[in-house]
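For reference, the structure is listed below as structure tokens.
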Amino acid sequence: MSGQDSKKHDIETFLEVEVKLAVDEDTAVPDLTALPGVEKILGTQEHNLSAIYYDTEDLRLTRAKITLRRRTGGNDAGWHLKLPSGAARAELRAELATPLEIPAELLDHVRAIVRNAPLSPIAQVDNRRVVTCLGSATGEVVAEFCDDHVTAWSLLPGGQRTGWREWEVELSEFTSGTEDGARLIHQAENFLIAAGARKSSSPSKLFTALGESYDLAPLPPHLQGAELDPETPAGAVISALRGHRDAIVAWDPRVRADEWDSVHQMRVSTREMRSLLETFEGILEGEEIGSLESELKDVAATLGIARDAEVVEERFVELLDSDASGLIDATAAAHIRGDMRTDYEAAHAAIVEMLNSERFLDLLDDIDELLANPPLSESAVADDDDEDEDGGGEPDDVLVKHLKKGYKKVMKRHEKVEEHFHDTSLPLHEREDYVHDVRKAAKKLRYAAVAAEGAGISSGRLAKACKTLQSLLGDFQDAVTSRDRIERLAHEARERGEDTFAYGMLYQRELGRGEDALEGYHAAIRDVKKAFSKIS
């Protein structure tokens, strides 16, 4: 078993854009200058590469299309972690320090997947690689063409030795992410196929190396257990929960890397999962449900601090940049920008600490256990068993009942808004809280409608209407949150003896933006009513 290296490593990140093709041993390499944008061959090198791939016993990384390897030879020897990134792959690299210890900085990016499971060698891939540098007319490297002669061994039970040849074209930093690069990759694939290559049936060298031994490996916890029919109430709920579980795990490394919108998306997935557990308590039952809801609430709260700071910072920057009055002094502007950035950085550090905690890893384990062995109520099990034998029966009324319950909560809270929002005898925050309560209820109804739609109920329009309502009320709440922060900043400025006029200007602008956000409120409520009437 490989240990974890506690020494700090410099991590380099690359975006890998490439095309890989299988090719026979006797196929000749064509004239590569025929490719678009390739004017000359800048040189050719041969490398002998050897890579050991690591994963858990149940192949959690491989199943997530992630590879972790230690490679020697060539120009990029070191530890490599490859992560999915849209149409490309993000590759993180660390130096070869202690021979068999995986750098902690790389492990952090997959902690939510591997957790505390040991990582062991699962395959060895040796490669005699001939690299041809493809150059532009000005001598820039536009891409590398690799002619790989591979010998590999699966180290899993039932694994075997295998060998093959493949061609690979990888864009350089000069062309990656450009239109010219995209055209080069696309045409390179067609060009090489015409020269005798073919599309590979395997997504990676590792997958080819594992061969049939991949299918012999045990399943990770969240994929174990009986498969539920997704068109039943229980199956629809578990399917929705599984999607949110996968999203939480997928966003973890992006949140750590502080990618744009990652905190927001992870928070959304966390809150959606909690909402489903709460909404469908008639399908799922047991003490563990309440415990999961509580833990998810705490995770969402930690994410929420950073998210609020992020939103407020964006709004403040927009307000400052758009100010044409000249009345916001430089001191106030500097404090507003600097303080919000400090708030966000501190909140993000707290998130990373949470993600590294045993408590968070235990939560992920508990979620996986729930998915593998869902604590279904007796009525949910009976509903599933009572379906038509041909599987064509309609889902049980239980999902519609939950939708009705959620809808009634939205309408009840809407009535409170109608009754109290314009009552100026009440404090402003109290009146605004009534609006926020409608948003929270609409959000839960939306999540329930999405889950119900997965079971065949025509609740898509309701989900869409709730999303619209939730969105405009979210804009309103962002303005409220911003005003609260402006008020605190003004208080701090006053204590420093600074002019607070600028803060008053920003406060008033956010008050107006909040009022503007509510202009579509009644129309959105009508749409929710209309959409729900189609179900009930």
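Residues in the sequence shown are numbered from 5 upward in steps of one, following the working numbering. Each residue gets a CB set at the ideal place from its N, CA and C atoms; glycine is no exception. Keep in mind it's a predicted model, so treat the numbers as computed, not measured.
Tell me whether the stretch 210-221 and the stretch 419-432 touch, counting them as touching only if at least three CB pairs, one residue from each stretch, are closer than 8 Å.
no
Helix, strand or coil for asparagine 120, going by three-state DSSP, please let me know.
coil
So what does DSSP say about lysine 412, is it helix, strand or coil?
helix
Secondary structure at glycine 47, three-state DSSP: helix, strand or coil?
strand
Alanine 305 to glutamine 481, Cα distance in whole Å?
16 Å
DSSP-derived helix/strand/coil call for serine 54
strand
Does the stretch 139-149 come close enough to the stretch 162-173 that 3 or more CB-CB pairs lie under 8 Å?
yes
State the beta-bridge partners of cysteine 470 as determined by DSSP.
Answer is none; cysteine 470 lacks a bridge partner.
Among Leu300, Arg97, Met344, Asp302, which has the Cα closest to the Cα of valine 321?
Met344
Could you check which residue in Val118, Gly78, Ser124 has the C-alpha nearest to that of valine 134?
Gly78
Taking buried to mean at least 16 other C-beta atoms within 10 Å of its own C-beta, is glycine 143 buried or exposed?
exposed
Taking the beta carbon of threonine 17 as the centre, do at least 16 other beta carbons fall within 10 Å, making it buried, or is it exposed?
exposed
Curious, which full-length beta strand (DSSP E) runs of at least 3 residues does the stretch 81-109 contain?
82-89, 92-98, 105-107
Own chain residues within Cβ distance below 7 Å of leucine 27, not counting five before or after:
For the sequence presented, residue 27 should be read as valine rather than leucine. Excluding positions up to five away in sequence, the list reads Arg169, Glu170, Trp171, Gly200, Ala201.
With tyrosine 58 and isoleucine 106 assumed to form a contact (beta carbons below 8 Å), what rounded beta-carbon distance in angstroms separates them?
7 Å
For valine 33 and asparagine 377, what's the separation of their Cα atoms in angstroms?
53 Å
Can you tell me the Cα-Cα spacing of leucine 188 and histidine 51, whole angstroms?
24 Å
Who does glutamine 128 pair with in a DSSP beta bridge?
Ile56, Trp157
Which same chain residues, not among the five before or five after histidine 248, have their C-beta less than 6 Å away from its C-beta?
Ser273, Glu276, Met277
For tryptophan 255, does the count of other Cβ atoms within 10 angstroms reach 16, so buried, or fall short, so exposed?
buried
Residue range of the beta strand (DSSP E) that alanine 598 falls in?
The chain is shown from 5 up to 540; residue 598 falls before or after that span and cannot be answered.
Among Tyr525, Asp262, Val454, which one has its Cα closest to the Cα of leucine 280?
Val454
Residues in its own chain within less than 8 Å of histidine 542 by CB, not counting five upstream and five downstream?
This structure cannot settle anything about residue 542, because the visible part of the chain is limited to 5 through 540.
Pick from Met358, Ile45, Pro224, Glu177 that is closest to valine 267, judged by C-alpha positions
Met358
Chain-order list of residues whose beta-carbon lies under 8 Å from that of proline 195 (same chain, five-residue window excluded):
Note on identity: in this sequence residue 195 is phenylalanine, with proline being the wrong assignment. Closer than 8 Å at the Cβ level, and outside the excluded window around phenylalanine 195, lie Pro34, Ala38, Leu39.
Enumerate in chain order the residues of its own chain whose CB-to-CB distance from isoleucine 309 is below 6 Å, with the five nearest sequence positions on each side excluded.
Ala351
So, does the stretch 458-469 touch the stretch 283-294, judging by three or more C-beta pairs under 8 Å?
no
Hey, arginine 97 and histidine 113 are a contact pair by Cβ (cut 8 Å); roughly how many whole angstroms apart?
12 Å between Cβ atoms; not a contact.
I need the straight-line Cα distance from aspartate 262 to alanine 353, nearest angstrom please.
10 Å
Residues that DSSP places opposite tryptophan 264 in a beta bridge
DSSP lists no partner for tryptophan 264.
What residue range is occupied by the uninterrupted alpha helix (DSSP H) comprising arginine 187?
183-198
How big is the Cα-Cα spacing for arginine 64 and leucine 87?
13 Å
What do you reckon, are the CB atoms on alanine 452 and histidine 339 nearer than 9 Å?
no
Got a sec, what are the start and stop residues for the beta strand (DSSP E) phenylalanine 18 sits in?
16-20
In whole angstroms, what is the alpha-carbon distance linking glutamate 29 and threonine 166?
14 Å
Give me the DSSP bridge partner(s) of glycine 167.
Thr155
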